[in-house]
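Sequential numbering of the sequence shown, starting at 1, is according to the UniProt record's numbering.
Beta carbons: idealized from backbone N, C-alpha and C, even for Gly.
Predicted model, so just to flag it, every value in this text is computed and none were measured.
One structure is given here, and the rest of the page talks about it.
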Amino acid sequence: MADTKNLADLLRSNGYDGEGTNDFISTLPKSIKRRVQALKKLQLEALKVVTSESEVNENADDYMKSSRYVEYIFVNIEVKYKFLAGINVEAKFYERVHQLEKEFAPLFDALHAKRKAIVTGEYEPTDEECNYPIINGLTDEELKKMNDATSPEPSEGTKGIPDFWLNLLKSVDHLAEMVQEHDEPILKHLYDITVEIGTDPDSYSLLFHFTPNEYFKQTVLKKWYKLQLTPDEDDPFDFDGPMVVEAKGTEIEWNEGKNVTKKVIKKKQKKGSGAGRFITKTVKADSFFNFFDPPTIKTKAETNEDDEVDEDQELLRADFEIGQMIRDQIVPRAVLFYTGEATDEDDLFDDYDGEDEDEGDSEDGEDSEHDE
């Protein structure tokens, strides 16, 4: 995770000279910066939910870059459990953590609701609520220069922090890879991402909240993950914590001509009586919204191929890594990803980089407009 001190060094190494010429945050209008500062201060309130105020004040930078607040409470307990007990006790530990996450959820939900209100402009923070550095780790002089460097104020009536979630997603490497240019106008309508923890069955859901738009009929798109918190009976010693066994997403009701997850290609026939003719074919297109159409795992009986089952499991695991990052890192610390003070953990995804190619890229044809 990004160290706030190292972030300041990184800004300088990338040409940040205090004038704000090469930094996204420094060029925000002052009214927007003010609201971002309020989100930063609100972030401290989230830390106080799980630790004492004195610890937060003394170690604010360290807590800001920790990957998960609840994890901070349990990490030492987890180490002790692994040394003192076996797999079954470890499984009970994860079950208890999941229960505690659900118990703590209302406390975080209240803070996240206030964050949403600031982002959407439903609530304008007070001067006291904005009294916090927009970037941790910069000197007073650098902060002053960053605050002085600004873009013109947006048009009158502009509220909140426009495109907060779109800019956040584009700032996180492994999520930015999912966001295509044709997704961006849709993601401008995304105004919040929330998490729901389920216990019957053990699960969690990611809810993406959109303003009414011309692209699809729903205003909430949901991604649901079912968890297995106990060891697999067939291979108990492979247990290494919670595992996703099923994922489902909202079936998006696209408006006509707006489906960015499909595209029509033209392909030239090479054989048969129709050789030389062009045919059209609808194929899957790269899009962030494919996230809501997760892979399903077929049984060995359905495929008769062990390798195919293993490939499906790997795809689901990769999908789970994305969902877990959104749940554990993005939603709890959204403002820190927005400012660049937090980054995704690249080693989490090394196994999946470069494995998949665009289905359409291998076709001998050219792309046309999106289908449906």
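Query raised in the report: Which class does glycine 157 belong to by DSSP, given the choice of helix, strand or coil?
Result: When secondary structure is reduced to three states using DSSP, glycine 157 falls in the coil class, being assigned neither helix nor strand.
Report task. Determine the DSSP secondary structure at aspartate 202, reduced to helix, strand or coil. Result -> DSSP places aspartate 202 in strand when its eight states are reduced to three.
Requested in this report: Please confirm whether lysine 267 and lysine 284 have their CB atoms less than 8 Å apart.
Outcome: Taking 8 Å as the Cβ cut-off, lysine 267 and lysine 284 do not qualify as a contacting pair.
**Report entry** Simplified DSSP assignment, three categories, for valine 49
**Finding:** Of the three classes helix, strand and coil, the one that applies to valine 49 here is coil, per DSSP.
Query raised in the report: Considering only residues of the same chain and omitting the five flanking positions on each side of aspartate 238, which have a CB-CB separation below 8 Å?
Result: Closer than 8 Å at the Cβ level, and outside the excluded window around aspartate 238, lie Pro231 and Asp232.
Query raised in the report: From this set, Glu214, Ala176 and Trp224, which residue's C-alpha is nearest serine 287's C-alpha?
Result: For serine 287, the closest C-alpha among the options Glu214, Ala176 and Trp224 is that of Ala176.
Query raised in the report: Contact between the stretch 325-332 and the stretch 178-195: three or more CB pairs below 8 Å?
Result: Touching, per the Cβ criterion.
Query raised in the report: Using 8 Å as the Cβ pair cut-off and three pairs as the minimum, do the stretch 309-321 and the stretch 146-154 touch?
Result: For the pair of segments examined, the stretch 309-321 was found not to touch the stretch 146-154: the number of CB pairs separated by less than 8 Å stays below three.
Report task. Quick one: give me the first and last residue of the beta strand (DSSP E) that lysine 170 is part of. Result -> Here lysine 170 belongs to no beta strand (DSSP E); instead the alpha helix (DSSP H) covers 164-171.
Report task. Could you pull out every residue in the same chain whose Cβ sits closer than 7 Å to the Cβ of aspartate 240, ignoring the five residues on either side in sequence? Result -> So no residue of the chain qualifies.
Report task. Just the C-alpha distance for residue 373 and leucine 143, rounded to the nearest angstrom, thanks. Result -> Not covered by the structure: residue 373. The range shown for the chain is 1 to 372.
Query - For valine 244, the first and last residue of its enclosing beta strand (DSSP E) - result: Counting along the chain, the beta strand (DSSP E) containing valine 244 begins and ends at 243-249.
Query raised in the report: Apart from the five residues on each side of it in sequence, which residues of its chain come closer than 7 Å, Cβ to Cβ, to isoleucine 94?
Result: Here residue 94 is tyrosine; the residue named in the question, isoleucine, does not match the sequence. Close CB contacts of tyrosine 94 within its chain, under the 7 Å cut and outside five residues either way in sequence, are with Leu229, Gly241 and Pro242 (chain order).
Query raised in the report: Taking the Cβ atom as the reference point for each residue, do glycine 157 and threonine 120 lie within a distance shorter than 8 Å?
Result: Between glycine 157 and threonine 120, the CB-CB gap reaches or exceeds 8 Å.
**Report entry** glutamate 129 in three-state terms, based on DSSP
**Finding:** Residue state, collapsed to three classes: coil.
Requested in this report: Identify whether proline 295 lies in helix, strand or coil by the three-state DSSP scheme.
Outcome: In this structure, proline 295 counts as coil in the three-state DSSP scheme.
Report task. Count the other C-beta atoms from every protein chain shown that fall within 10 angstroms of the C-beta of isoleucine 279, then say buried if there are 16 or more, exposed otherwise. Result -> The C-beta of isoleucine 279 has fewer than 16 other C-beta atoms within 10 Å across all chains shown, which makes the residue exposed.
Query raised in the report: Quick one: Cα of aspartate 351 to Cα of glutamate 314, how far?
Result: Any reading at aspartate 351 is ruled out, since the residue's pLDDT is 41, under 50, leaving its predicted position unreliable.
Query raised in the report: Going by the CB atoms, is the gap between isoleucine 25 and leucine 206 shorter than 8 Å?
Result: Taking 8 Å as the Cβ cut-off, leucine 206 and isoleucine 25 do not qualify as a contacting pair.
Query raised in the report: With 16 other CB atoms within 10 Å as the buried threshold, where does glycine 257 fall?
Result: Exposed, because fewer than 16 other Cβ atoms sit within 10 Å of the Cβ of glycine 257.
Query raised in the report: Alpha carbon to alpha carbon, how far is arginine 68 from alanine 342?
Result: Caution applies to arginine 68, whose pLDDT of 45 falls short of 50 and renders its modelled position unreliable; the model cannot decide the point.
Query raised in the report: For lysine 102, is the beta carbon positioned less than 7 Å from some heavy atom of the ligand NAP?
Result: Within the structure as shown, the ligand NAP is missing, as the structure has no ligands at all.
Query - glycine 340 beta carbon less than 8 Å from that of aspartate 293 - result: Going by C-beta atoms, aspartate 293 is not nearer than 8 Å to glycine 340.
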